[in-house]
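Before any comments, here is the structure.
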Amino acid sequence: MNNNKPTPMMLQYLDTKKKHPDSILFFRLGDFYEMFFDDAILASKELEIALTKRDAGFAQKAPMCGIPYHVAHTYISKLINKGYKVTICDQVEDPKLAKGLVKRQVTKIITPGTFTDSDFLKSDENNYLMAVYLKKYDMYIAYTDFSTGELYYTYRTFLDEESLFSSVRDEIYRIMPSEILVNEDIDKTLNKFLSNNFFITNYKNDDIVNIDIGKLVCENLTDLGQKNFNEKKLSDNIAIKTLLDYLFKTQKIHLNHINNFNHYDYYKNLVLDENSKRTLELLKGLNTNNKKGSLLEILDKCKTSMGSRLLKKWLSSPLTNIDRIEDRLNHIEDFNSDLLVTEDIKDRLKNIYDIERLSLKISNKTLNPKEINSIKETINLSLEIKKLLGKNNNNLKNLSVKIENLVFISEKIDQIIIDDPPAIIEDERVIKKGYSLELDELFSAKEEGKDWILNFEKKEKEKTGIKNLRIKYNKILGYFIEVTKSNISQIPSDYIRKQTLVGSERYFSVELKEMESKLLVSKDEALRLQSKILSELKNFLLENIIKFQNLSKIISAIDVLVSLSEVSRRNNYKRPLLNKEGLIDIKKGRHPIVEKNYKDELFVPNDTYLDLDKNLIHIITGPNMAGKSTYMRQVALITIMAHIGSFVPCEYANISVLDRIFTRIGASDNLAMGQSTFMVEMKEVANIIDNASKNSLLILDEVGRGTSTYDGLSIAYAILEYIATNLKAKTLFATHYHELCSLEEKYPSISNLSIAVKKEEEDIIFLRKIINGPSNHSYGIDVAKLAGIDDFIIKRAWDILNSLENNKGKNKLNKNFKIDNFEQKSIFDIKKDKFIEKVKNIDINNLSPMDAFKMLNEIIEKSKEI
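So in this note's numbering, the last one in the sequence shown is 891, and the numbering has no gaps at all.
As structure tokens, this is what we get:
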């Protein structure tokens, strides 16, 4: 009878769930993870699995759903991708030995930022967990990719709240974490922004203050990790405290793979805000919102996932240190000059394993034999690369020196693990013969037992005359003799019945039972000893974890440099010069994305010359579609490529080292925040004005076009004046306000450029060539005609334009301009004219009979409309 009291198991579940209310609880029951109540309802919907019910001691049955434990990772990945946390509660004692209720406890909490399953993570992207702590005008940031063990941190004080928030947003978008930890008293506006765009976890201030970071570090990091952490500046970084505390509490394992705490200064790299990265399509194409159509896609010919992840970091944080940039350029040049070596290295890189992401498995000793063997193969390939690089008497030799010789590790693995081991061991042998005599004897006994079973089966068949007699084994019954019921009359008297099935009977004999004991003992002993040897090998690998991490770093860098070398040769890129004099001089520059994605069209290269004197600001005029935006973007992209140490698409380039690149390109709005397109535009310009310096490059496209003509013109005029007199930043400013061209006469640092256009009768041809001097026309009506606007509207537009220009300055049509000055046409007349024009242009001589038939049908259908 139900007394409305929850069962002991359900009390155990409810107690665990109470401690983890913000996640879906996977509760282990036998071979399944079960979910109950609201978790079950939610999970059944999100995972598309059956929702059932279970008697839990309440008046009504509890909603329940479940999944097999051995495929749990598949379902967990789906929930993580949908933005949920998953708490794993496992059985921590053998149910057969449990006295009463099986003990269970939480063994791991999986969140978007701590998810590490390499089968579901994107191989070419990092999965970052980030901690942000803001106090007044202080910003503390720390972030880690838990799958690789890398950890970075920074601290900065700002003068005002706006600068603080702007920098926090830029840094978050640069890193693009999967999860952000934030202190609870963070500004409400910023907290709303984070909540709307990212998966966040709030930390209470008291919880952060009470973190004993010293104790946690000593208990959970390796000696090397503790040594690198024991600096006051690390202990005082509240974001690091929050980050490590969260990892300790959710993962519940030692963090042996976190050994280096890398400090960085955001402003010592070329800073690119999110808007600039987006509009320049650095990492994602504007139309695809993924890698396709981006600069990253063009440059990424990496052979390893480690290399692809590193290249993305380089693009997100270009260098400003000329020595480091030149070092990369030297290596690319050397790879270009020795193609045989470069091709040989590429062949090796193809087969190198992602050992960076093995760091976590090395740390918690969960490597399987196949992964251990992949470490051996990677080490051997790295030594071949080391040898290839060492043949050169140039900068490549420096790379060779950085590859540590880890042959002692690969040899040890080779001594122990068989050549092609399975990923899952079960009862298979993975240790080589000859490594352990004791193990050899145990496995030999196991193999002899298998032979005995085969011989015993053959003997019993002959003795009984039952041809389909079989000796089988399962974990519950052990070894048994199976005979179909049609042969029961032939069963010998010494067979003892063990189990009855629908179509057969199962027996054992004294002889079989005695051999079973010997077989199982030898098998268990063999697997126990094999497990011990594997455990010792994993300990050995853990002792050398920092060596694997260092190896992954140098292999990743080599992969990126080889990739940039390959791209430069394929696309005829040139090595840029670098300067600190504020000069950007590009000869025959090309847009790397446009020229690659539009191969059918001949790309027209253009020159660029910007300095701190008479060529500080270029005002660029000309029609839409002519290439102003492409030209400005290509200048920014060539500059960024030079800063990451890449060759660039041009014939010659001398690039000034910059502090920031800003772009204001294209129209967008933020309706959710109540901001119009023009408001967004002005906010972007305000951010540029507030943060740019004389060492910045500004790309401004059509500033002021979102409001009335004279308002927009006035704003654009004032902005250009401010840049020329105060900021003095190198600027490309595209506009249709031809009135701005007069600024060239007022300010020596401003000059006019335009896009060359060829006029042929009533048509225009875009030459896509940048020339000196302003454009006299915007050619807007011509562009409308090219776009297919009806001739009636085009003619009308020309008439209106002439009236406006004759009445220039009054912002109205001439009073004599009347509607009946031009022929009025109905929709019927317009359609009729189009129809007649189309029929006139049919080339009958080049139509096949089938095409002519289709054309005739189309003419009949169209004629019905008019």
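All C-beta atoms in this analysis are idealised placements derived from N, C-alpha and C, irrespective of residue type, glycine included.
Just so we're clear, the structure is a prediction, and the values are computed from it rather than from any experiment.
| Check | Outcome |
| --- | --- |
| Work out the CA separation of GLU73 and ILE192 for me, nearest whole Å. | In the sequence under discussion, the amino acid at residue 192 is Ser, which differs from the Ile named in the question. Rounded to the nearest angstrom, the two C-alpha atoms are 41 Å apart. |
| Is LEU421 closer than 8 Å to LEU414 when the C-beta atoms are compared? | yes |
| Per the contact definition of three or more C-beta pairs closer than 8 Å, is the stretch 324-342 in contact with the stretch 660-673? | yes |
| Which residues in the same chain have their Cβ closer than 7 Å to the Cβ of ASN315, if we skip the five residues on either side of it in sequence? | LYS309 |
| If you compare alpha carbons, which of ASP232, ILE690, GLU187, LEU768 is closest to THR214? | GLU187 |
| Using 8 Å as the threshold, is the C-beta distance between ASN720 and LEU683 below it? | yes |
| Taking contact to mean 3 or more Cβ pairs, one atom from each stretch, closer than 8 Å, check whether the stretch 153-168 and the stretch 260-277 are in contact. | yes |
| On the premise that LEU324 lies in contact with SER588, defined as a C-beta separation below 8 Å, what is that separation, rounded to the nearest angstrom? | 7 Å |
| Are there 16 or more other CB atoms within 10 angstroms of the CB of LEU502, so buried, or fewer, so exposed? | exposed |
| Go to HIS279, then tell me how far its beta strand (DSSP E) extends in each direction, as first and last residue. | Careful: HIS279 lies outside any beta strand (DSSP E) and carries neither H nor E. |
| Assign LYS302 to buried or exposed, taking buried as 16 or more other Cβ atoms, counted over all protein chains shown, within 10 Å of its Cβ. | buried |
| Where LYS326 and LEU722 are concerned, what is the direct C-alpha to C-alpha distance, given to the nearest angstrom? | 29 Å |
| Where ILE449 and ASN346 are concerned, what is the direct C-alpha to C-alpha distance, given to the nearest angstrom? | 48 Å |
| What separation, rounded to the nearest whole angstrom, lies between the Cα atoms of ILE748 and ALA661? | 18 Å |
| So does the stretch 560-568 actually touch the stretch 381-400, counting three or more Cβ pairs closer than 8 Å? | yes |
| Can we say the stretch 371-385 touches the stretch 141-148, given the rule of at least three CB pairs closer than 8 Å? | yes |
| For the ligand FAD, is there any heavy atom lying closer than 7 Å to the beta carbon of SER776? | Among the components of this structure there are no ligands whatsoever, and the ligand FAD is therefore not found. |
| So the candidates are ILE283, SER172, THR182; which of them puts its Cα closest to the Cα of ILE166? | THR182 |
| Between which residues of its own chain and GLY332 is the CB-CB distance below 7 Å, once the five residues before and five after are set aside? | SER581, ASP584, VAL585, SER588 |
| With DSSP as the reference, label LEU881 as helix, strand or coil. | helix |
| Can you grab the Cα-Cα spacing for the pair ASN230 / ARG199, in whole Å? | 26 Å |
| For SER529, name the three-state secondary structure that DSSP assigns. | strand |
| Suppose the cutoff is 8 Å on Cβ atoms and the five residues either side in sequence are ignored; what does the same chain contact list for SER776 look like? | LYS639, ASN640, ILE642, HIS643, ILE644, GLU769, ASN797 |
| ALA97: which of GLU59, MET89, LEU67, ASP119 sits nearest, CA to CA? | GLU59 |
| With PHE140 as the anchor, note down where its beta strand (DSSP E) starts and where it stops. | No beta strand (DSSP E) holds PHE140; DSSP gives it neither H nor E. |
| Output yes or no for whether 8 Å exceeds the beta carbon distance between GLY318 and ASN622. | yes |
| Would you tell me roughly how many angstroms separate the C-alpha atoms of ASN512 and ASP379, rounded to the nearest one? | 57 Å |
| So for ILE844, helix, strand or coil by DSSP? | Residue confidence for ILE844 is low, a pLDDT of 45 falling below 50, so the modelled location carries little weight; the figure read from the coordinates is stated next. Reduced to three states, the DSSP call for ILE844 is helix. |
| Grab the span of the beta strand (DSSP E) containing GLU244 for me, first residue to last. | No beta strand (DSSP E) contains GLU244, which is instead part of the alpha helix (DSSP H) from 238-245. |
| If contacts are defined as beta-carbon pairs under 8 Å, then ILE233 and ILE205 qualify, I think. What distance do you get, rounded to the angstrom? | Actually they do not touch by this definition, with Cβ atoms about 15 Å apart. |
| Taking Cβ to Cβ, would you say HIS279 is nearer than 8 Å to ASN245? | yes |
| Below 8 Å, how does it come out for the stretch 103-116 and the stretch 47-64: are there three or more Cβ pairs, yes or no? | yes |
| Just list the residues that DSSP pairs ARG522 with in beta bridges. | TYR532 |
| Quick check: the Cα distance between ARG658 and ILE724, rounded to an integer number of angstroms? | 8 Å |
| Ends of the beta strand (DSSP E) at MET89? | 87-93 |
| Please name the residue in VAL207, PHE533, ASN355 whose C-alpha comes closest to that of LEU494. | PHE533 |
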